[in-house]
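Chains as they are written, first to last, in the working numbering: chain C, 1 to 344; chain H, 1001 to 1319. For glycine and all other residues, C-beta sits at the position ideal for the given N, C-alpha and C. Notes follow once the structure below has been shown.
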Amino acid sequence: MKIYLVLLICLVSNRAVGQVGDSILANETTLIRPLNVHKGQLRISGGYSLLISSTRYDAQGNKIDLSDEGFTNIGHLVDLEFNYGFTEFLQASMGINHLQQAERSRGIAIVTTPDDPINFNEIIERKGWSDIDLTLDFKAPFVTRQFDLVFSAGRSLPVAAHEPEQPEHQIENSGGFNNITYRFLNKAGQGTGAWILGVQSKIRANKLGFTLEYSHRNFPDAGSNISWRGSLDNDVISYSSSNYDYQLGDQSRFQILSEYQAWSFLNIFLGYQTLRTGEGWTEITGVRALVEEQKRSAIELGAEVLVTPRLWIRQVASFPVGGENSLNPLILSTRASYNLFPFN
Amino acid sequence: MKKIIVLIAIILPVSMVNAQVQEELTPLEIKQTTVVTQPATLKKGFLRAGAALSFSALDKFFDDDTEKRLFPDNIWAKSLSYQFAFQYGVSDRLQASLAIPFRNEFISQSLLLEVPLTNTSTISSWEIKGNGISDIELGLIYQLVPENILRRAVLVSAFLTLPTGEKNPTDVVDEQNYTLPTGSGEGSLNLDMTLRKVNYPFSYEGSVGYNIKFGGTKVLNVGEEPVSFRSANLLTLRGAYNFHLNEWLAFQNDVFYFSFGEDEVDGQTGDTKRWALQYAPRLSFQIKRFRINQAVTFVLKGRNSSADPGYTMVLQYVF
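In structure tokens:
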């Protein structure tokens, strides 16, 4: 009987604490929500992004239409993130995503003799889970709600597969052509760990807010990977792999975001972000070659809708505006976040 | 004692009348109902006008072994369609509709041609576009079993598609320079039966539909003569589970199964088996009489069918 009584008291008190958590969330619009989650709060976020690349930028920053180069690139990204608040000022975060991307190059037709034309196509597929990012986020203990400052530090764990699978090249004869399709199957893992450092600040005034964010990834170690080569013998393709080393360049991201809380349930925002990947190197060709610095920048436009105090949905369209040595996709993303206080 | 009984006898009917009044919604409230709570068909005299935008890109397909594969060519194709739709409540049980679609098609391809014998190489890049009205659709939906608080609604519908869009390639210069058609070139009739049940905050729907294609003649390959054809008839099964996330936002989950018959070209029937299983999660924002629907359609599995997701946004307003 006493056990039932204790259980009843525990249940009631747990429910009461849960309700306290709900009341905290109920009073938070997107604008005034702190950058960290509250003590005991677990946030689970998941989203889907469609990435469509129709332009690339050369080393001088000139915009090139990919259709002029016979090149296409389309991707689908699913991301998942968990945040948990150990205290009001310290949260742990974990992020992972799944990428599926296909890159097609211009077809090549070689006519050696009129009776024996050959058509080459190449598809480079990148598919799989990314590495896991783990960070600790420290929120400065300011008493004011007008200003937030958060420092982040963490590690990207190279747990995802990064070595490409054996290619699946195909040879078939159709339409009078010998069609050869090179199909490379790459993975989404980086293959080497990275240190993550970041800082984020937010200033709020009435219905307006401004957020500045900077994050940096450093890959201290060189990675090792394999590359595949195929050789044709009597219409049969045999494959062999060889190892090579590479060094990823540091990655940095800067974002500025202005937001307006139109209604208590609707927040609209406009932002600008730039991503830079520093120089690295690769020995994939047998000799060490420089991988040039890459940059890309985009303007973001979006909205967040508070569905319930526990659930919100964020939609963003990211429009490419510049870059160097990189593709810059149009990104359309939808993300939902659900919040709970599981251990209180 | 007699007075008490009389009093109760007076109060009870009044109370019942009040209860019945509380169940009634004003016309304005009905116009503000969500996709979950809205009547199965529009009430008499109500008009719902809307615009829809759909986008998809060509990337993947399910092959004959139901394996998802990437298109091998470097072709880049995208399709943007937008339509204006009007629905009108002829009576409380009969709804008429009109949809006027437009299509914007784009295909680009590039090829490097090398001829070692003459030591020449040429890059050919071409873009083919098409933009214009597509096939208009007229429809009727009737509540065979009218919906009420206790009963499921049974709806029957008929949608007639008229081949109003351009069916043939136009402005043909050669195989790489022409304007894409925006119409199918054939009429069709879609018959559908739907079972619907609202149990606030949930609603459930199940339907079966059959689309009959009438066929026609059109140019299938640029530069060739028109040939007679008839597209495959289509059987559609749909299940939907919808619920409110809050008072003004509903989440819809639609699962579709499509089974295609055989295409006919020049009297010859193909033997390609085609089917697709799709899942379409949707968010429906209801702001007074204004509604925004967003959906992404994922092809879960299929055979000889597209595997690309599609995005749709719909804006609606009830007058």
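Across the segment 1097 to 1121 of chain H, CB contacts with chain C closer than 8 Å involve Ser1108, Gln1109, Ser1110, Leu1111, Leu1112, Leu1113, Glu1114, Val1115, Pro1116, Leu1117, in sequence order along the chain. Of all C-beta pairs linking the segment 109 to 123 of chain C to the segment 1065 to 1081 of chain H, three or more are shorter than 8 Å, placing the two stretches in contact.
Boundaries of the alpha helix (DSSP H) around H/Leu1028: 1027 to 1031.
Per DSSP, reduced to three states, the secondary structure at C/Asp250 is coil, with no helix or strand assignment. Residues of the segment 1126 to 1146 of chain H that bring their beta carbon within less than 8 Å of a beta carbon in chain C comprise Glu1127, in sequence order. Beta-bridge partners of H/Leu1047 (DSSP): H/Tyr1088.
Cα atoms of C/Ile226 and C/Tyr84: separation of roughly 37 Å, rounded to the nearest angstrom. Taking H/Thr1217 as the centre and dropping the five residues before and after it, the same chain places the C-beta of Gly1185, Pro1226, Val1227, Ser1228, Phe1229 closer than 8 Å to its C-beta, in chain order. Note that the segment 1136 to 1149 of chain H touches the segment 1093 to 1101 of chain H; at least 3 beta-carbon pairs, one per stretch, sit closer than 8 Å.
At a cut-off of 8 Å between C-beta atoms, C/Asp68 counts as an interface residue with respect to chain H.
H/Ser1157 is the residue among H/Ala1280, H/Arg1291, H/Ser1157 whose C-alpha sits nearest the C-alpha of H/Asn1211. When 7 Å is used as the limit between beta carbons, C/Ser105 is near these residues of chain H: Asn1074, in chain order. Only Leu1245, Asn1246, Leu1249 from the segment 1223 to 1257 of chain H bring a Cβ to less than 8 Å from some Cβ of chain C. Taken through DSSP and simplified to helix, strand or coil, C/Glu69 comes out as helix. With fewer than 16 other Cβ atoms inside 10 Å of its own Cβ, C/Phe147 counts as exposed. Rounded to whole angstroms, the separation of the alpha carbons of C/Leu340 and C/Phe138 is 20 Å. Chain-ordered, the chain H residues with CB closer than 8 Å to the CB of C/Ala109 read Leu1111, Leu1112, Leu1113, Glu1114. Using a Cβ-Cβ cut-off of 7 Å, H/Ala1057 is close to Ile52, Ile74 of chain C, given in chain order.
Take the alpha-carbon of H/Arg1151 and the one of H/Lys1197: they are about 7 Å apart.
Going by beta carbons, C/Arg314 and C/Gly302 fall inside the 8 Å limit. The contact set of H/Val1296 on chain C, defined by CB atoms closer than 8 Å, consists of Tyr48, Thr334 in chain order. Around the Cβ of H/Asp1059, a 10 Å sphere holds 16 or more other Cβ atoms; the residue is buried. Bridge pairing for H/Ala1158: H/Leu1140, H/Leu1191 [DSSP].
For C/Glu304, no Cβ of chain H is located within less than 8 Å of the residue's own Cβ. Judged by beta-carbon spacing, H/Glu1166 lies beyond the 8 Å limit of C/Ile108, meaning their Cβ atoms are not closer than that value. Taking all protein chains shown into account, H/Leu1162 has fewer than 16 neighbouring C-beta atoms within 10 Å of its C-beta and is therefore exposed.
Rounded to whole angstroms, the Cβ separation of C/Gly278 and C/Glu259 is 30 Å, and the two are not in contact under 8 Å. The C-alpha of H/Phe1319 lies about 47 Å from the C-alpha of C/Glu103. Residue contact check for C/Glu125 against chain H: a CB pair falls below 8 Å.
In terms of Cα proximity to H/Glu1205, the closest of H/Phe1258, H/Val1090, H/Thr1037, H/Asn1104 is H/Thr1037. Chain C has no Cβ within less than 8 Å of the Cβ of H/Leu1315. Within the same chain, Cβ atoms closer than 6 Å to the Cβ of H/Leu1140 are found at Ala1096, Ala1158, the five residues on either side in sequence being excluded. The residues Glu1186, Gly1187, Ser1188, Leu1189, Arg1230, in chain order, have a CB closer than 8 Å to that of H/Phe1214 in the same chain once the five nearest residues on each side in sequence are set aside. Using beta-carbon distances, C/Ile284 does not count as an interface residue toward chain H, since no partner is under 8 Å. With the rule of 3 Cβ pairs closer than 8 Å, the segment 209 to 222 of chain C counts as touching the segment 250 to 270 of chain C. Between H/Asn1246 and H/Ser1203, the gap from beta carbon to beta carbon reaches 8 Å or more.
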